[in-house]
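Taking this note's numbering, the leading residue of the sequence shown gets 1257, the next gets one more, and so forth.
Idealized CB from N, CA, C, for every residue including glycine.
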Amino acid sequence: MAAHDPTIPRLRIQLGPAIAIGPGKAQLLEAIAATGSISAAARDMGMSYRRAWMLVDTMNQCFREPLVTTATGGKRGGGAQVTPFGEEVLERYRRMQRIASEAVAEEMEAFTALFADSPPSN
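Structure representation (structure tokens):
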């Protein structure tokens, strides 16, 4: 996973205590759409299958309809698919992220000039 650019704000949408969607969950949705598999998406992102499954489960619980559906085993194994509703959520999230970034770009540039030369190592 690439390092986060500190000049780009990270948008997280919360539903109560849960993060319904944020940068990592959006990236996971894109990886599932590309691979057709939660396990392959998790591998590509360098996370455990369990972690990816928990993120998918949280997203599915936070929205009116599931963002990802799964199929179990069989000859060719199971699979996962981002639903049309999930595609809409992802598209709207990416649009909000773009709008937010553009809206604060000038302030972020000035703000990042206030950062220390290197982040803390904790």
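Grouping DSSP H, G and I as helix and E and B as strand, with all else coil, what is Met1257? For Met1257, the predicted model reports a pLDDT of 47, less than 50, meaning its position is unreliable; a value from the coordinates is still stated below. Coil, per DSSP.
Alpha carbon to alpha carbon, how far is Leu1271 from Ala1369? 32 Å
Flag this pair as yes or no: are the beta carbons of Leu1323 and Gly1342 separated by less than 8 Å? yes
Can you list, in chain order, the residues of its chain whose CB lies under 8 Å from that of Leu1335, leaving out five sequence neighbours each side? Leu is not the amino acid found at residue 1335; the sequence shown has Gly there. Cβ within range, chain order: Gly1292, Ser1293, Thr1326, Ala1327.
Check for me: the alpha helix (DSSP H) holding Thr1314 runs from which residue to which? 1305-1318
Own chain, CB closer than 7 Å to Met1257, minus 5 neighbours either side, in chain order: Low per-residue confidence applies at Met1257: pLDDT is 47, beneath 50, and the placement is therefore not dependable enough to give any value.
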